[in-house]
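Inspection log for the structure reproduced underneath, given as structure tokens.
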Amino acid sequence: MAFHTYLLLPLLLILPLLFLMKIKVIQRKNNKNLPPSPPKLPIVGHLHLLGELSHQSLFKLSKKYGPVMLLHLGGIPTVILSSPEAAKTALKVHDLNCCSRPSPAGPRRLTYNFRDIVFAPYGDYWREMRKICVLELFSTKRVQSYRSIREEEVESLMNFITECSTSSTPVNLTEKLFALTASMIFKIAFGKSFQGSNFDNHRFHEVIHESEALLGSYFASECFPYVGWIIDRISGMHQRLEGIFKELDNFFQQVIDDHQSSERKRQDQDDIIDVLLKIVKEQSGFGAAMLTEVNIKAVLLNVFLAGVDTGAITMLWAMAELAKKPELMKKAQDEVRNVIGDKGKVSENDTDQLQYLKMIIKETLRLHPPAPLLIPRETMSHFKINGYDIFPKMLIQVNAWAIGRDPEYWENPEEFIPERFTNNSIDFKGQDFEFLPFGSGRRICPGMHMGTTTVELGLANLLYRFDWKLPDGMKEEDLNMEEKAGISLTISKKTDLQLVPIKFY
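Mature numbering (1 follows the signal peptide of the UniProt record, and there is no 0) puts the sequence shown at residues -28 to -1, 1 to 477.
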């Protein structure tokens, strides 16, 4: 009898402990200190609160509910961060806790699965792929190796504008700047000699833009579990996504086959496909990644999603802001013309001397970040932001557009004032959380140097080679500075920017 009593003693001690642990779990759940949240509707949550420009809608909501705000946008709770302090807590203090990516939007079963790899979660594969991007694809040395491509494409645009200047014909800078960056990235990625059958530069840009819009969309399958996929199919969203990725897959495969062909002519420098194919062949130092052609396609899509629109949008907004303020335009032109003299064109070696131009680019990125909402992160563990509980599997989204307009950090935040960066150490490299056009932490944009190099070269030549005036009958106050509504990862100017060039050099 005593023997059985001894056996029961541990059980009698464990049961109260288990009971207390259960009480603590219940208390923890009941005591969750979640961020403030607006009233929501059944099923759709807070989707009805988003207007055509979601970053602006979120900015307005943050003024009422605070810089750390919980919304249900689709099926997953999303925490919107709208202040530098909150962004720093997430992207620096707790970077490792929330550096994963959510599953891609839309149908989960696609034939062309390189889409899913683009949104790779944090882990060994992602770390190895980032290492490839940082050390192989976008290193300073690699970016410099593509200098001739950038300068040739800029020179081609300058020649076109020169022809227009002889007849005082307005130039659609929106169209031309998007074509410029698309052509640059196209050649950097695929090589100068590649000629895709039935798939030229223009068509490729259209497909990339369409895929960007689809990836930035909210799908019914996200908002309505179990039945949403039916709505996606009925609405045609599934078919659109499947079709666009089929076209991309076919084209990427054609490019890869072309590079592996024995008949291909050797280029002066390796393009991005060459670099990736070498890594596939060697697989040395990148064992965890085990690159395949599917992975190469995912990297290529990432390069185009991040590289084409962002550079063009930045140059476009800069030229629009300068056209609206002719005194700033003249100041920028005086700088570049004094530095370059009568050389006839600006080369990449010259841009380091153009300090006011760099201020203009910074101010453009502050006021008009190409991606106003940083790509969402998925949390992997519990932590706190501003005292609020953040739990695993929540999404974190930083409103870089709102942070760049925070009056606590920026005087007259709605005004375009490049001079605010005079003797100011604030930069966009991810350490100053009041200025995050490229993000921060482990998920900062690896192509930042490539992008800013392109923007500096393009803008410097536009300002050096030409004076610019508005079309006849138009005044500075008539310039439409509204943002273009629509679902996309990037936001551009609502109306095309058309200016009349007057040849100077």
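Glycine residues also receive a C-beta, built at the ideal position from the N, C-alpha and C atoms.
Are the beta-carbon atoms belonging to T351 and N131 less than 8 Å from one another? No, the pair does not count as a contact, with Cβ atoms beyond the cut-off.
Please state whether DSSP places Y360 in a helix, a strand or coil. DSSP places Y360 in strand when its eight states are reduced to three.
Taking the alpha-carbon positions, what's the K5 to V247 distance? Inspection of the sequence shows that residue 5 is occupied by Asn rather than by Lys. So the two alpha carbons sit approximately 49 Å from each other.
Would P342 and D281 be called neighbours here (beta carbons separated by less than 8 Å)? Their beta carbons are under 8 Å apart, which means P342 touches D281 by this criterion.
Could you please give the first and the last residue of the uninterrupted alpha helix (DSSP H) stretch that includes residue 503? Because the chain spans -28 through 477 in this model, residue 503 falls outside it and cannot be assessed.
Measuring only the C-alpha atoms, how far is I15 from I463? The C-alpha of I463 is placed about 28 Å away from the C-alpha of I15.
Determine the direct distance from the alpha carbon of I228 to that of T286, and round the result to whole angstroms. Those two C-alpha atoms are separated by around 31 Å.
Just confirm the distance between the C-beta atoms of F400 and P409, as a whole number of angstroms; I'd bet it's less than 8 Å. Contact between F400 and P409 holds: CB atoms are separated by about 5 Å, below the 8 Å threshold.
Check the DSSP bridge columns for E455 and list the partner residues they point to. DSSP links E455 through a beta bridge to K465.
Taking Cβ positions, are G163 and D243 nearer each other than 8 Å? With contacts defined as CB atoms closer than 8 Å, G163 and D243 qualify as a contacting pair.
F223 versus I48: straight-line alpha-carbon distance, rounded: Rounded to whole angstroms, F223 to I48 spans 34 Å at the Cα level.
Hey, how far is the Cα of A292 from the Cα of V252? Take the alpha-carbon of A292 and the one of V252: they are about 44 Å apart.
CA-CA distance, residue 480 and R114? Outside the displayed range of the chain (-28 to 477) lies residue 480, so it cannot be described from this structure.
In angstroms with no decimal places, state the Cα-to-Cα distance between R377 and I332. The straight-line gap separating the alpha-carbon atoms of R377 and I332 is approximately 16 Å.
Straight-line CA distance for S111 to D450? Those two C-alpha atoms are separated by around 42 Å.
For E448 and K297, I'd like the C-alpha separation in whole angstroms. If you draw a straight line from the Cα of E448 to the Cα of K297, it is about 7 Å long.
Assuming E465 contacts L288 (C-beta within less than 8 Å), just tell me the rounded distance between them. The sequence given here has Lys at residue 465, not Glu. With a beta-carbon spacing of about 6 Å, K465 and L288 fall inside the 8 Å limit used to define contacts.
Count the other C-beta atoms from every protein chain shown that fall within 10 angstroms of the C-beta of S54, then say buried if there are 16 or more, exposed otherwise. By the neighbour-count definition (other C-beta atoms within 10 Å, threshold 16), S54 is a buried residue.
Is the beta carbon of L27 sitting closer than 8 Å to the one on L345? The residue asked about is misnamed: residue 27 is His in this sequence, not Leu. Cβ distance < 8 Å, so H27 and L345 count as in contact.
Confirm, please, whether the CB-CB distance from S72 to R392 is below 8 Å. Note that the C-beta distance between R392 and S72 is not below 8 Å.
At the level of alpha carbons, what is the spacing between D439 and G17? Rounded to whole angstroms, D439 and G17 show a C-alpha spacing of 51 Å.
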